[in-house]
Amino acid sequence: MAQTAQVEIKDAWARATPGKAENGAAYLTIQSPVADRLVGVFSPVAKKAGLHTMTMEGSVMKMRPLGGVDLPANQPVALKPGGMHIMLEGLNEPLQAGKSFPLTLNLEKAGQKQVEVTVEKAGAAGPGGQAGTDMPMPAKR
Ligand SMILES: [Cu+2]
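Sequential numbering of the sequence shown, starting at 5, is according to the numbering used here.
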């Protein structure tokens, strides 16, 4: 395989949201040829997009904002259900399965990268629509 000095973003996907959900989450895998840091996200589908992680506090899964995600050189970093994710707060409209939306990632070194996020069914566990255990996202806080 040819060595390219490009940031690779793969499998960008999100779960469809029910009609009144205010928030959604997006997931993807990112790999950088050099050590870099993902410091911000933006999407026109939500009023606010941010990086979040999930941690267990006792038996309760909690989300908290992340200031950034470190990307070691040549190592894929996965944002996926149950872990780090891109939080979409204040959705302008529901995320509908089968559609897609643009997402801009802000990297410290590589600058801005845009990806298209595919919306999978509400219960999808990954890109391509495999069914799996659902991770409920708190609708309100
Ligand atoms: Cu979140």
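Backbone N, C-alpha and C define an ideal beta-carbon position, used for all residues, glycine too.
Asked                                                                                                                : Found
C-alpha distance - E97 paired with V64, whole-angstrom precision                                                     : 29 Å
Neighbourhood of G54 by C-beta distance below 6 Å, restricted to the same chain and skipping five residues each side : P69 and M91
Residues near E12 in its chain [Cβ-Cβ closer than 6 Å; skip 5 each side]                                             : Q35
Check whether L32 and A16 have beta carbons under 7 Å apart                                                          : yes
Nearest to T57 (by Cα), restricted to the options K84, S47 and R41                                                   : K84
Which residues DSSP lists as bridging P106, in chain order                                                           : E120
DSSP beta-bridge partners of G94                                                                                     : None, per the DSSP bridge assignment.
Cα-Cα separation, Q116 to A101                                                                                       : 26 Å
Other residues of its chain near H89: CB distance less than 6 Å, five sequence neighbours each side excluded         : A29, Y31, H56 and L83
Complete runs of the beta strand (DSSP E) confined to the region 42-95 [at least 3 residues]                         : 50-61, 64-69, 73-75, 81-83 and 89-95
Residue of K14, A18 and Q10 minimising C-alpha distance to G127                                                      : A18
Unbroken beta strand (DSSP E) run spanning A18, endpoints                                                            : E12 to R19
6 Å Cβ shell around P131 - same chain, five flanking residues per side excluded                                      : D15 and W17
Residues bridged to A170 (per DSSP)                                                                                  : Shown here, the chain extends from 5 to 145; a query on residue 170 therefore has no answer.
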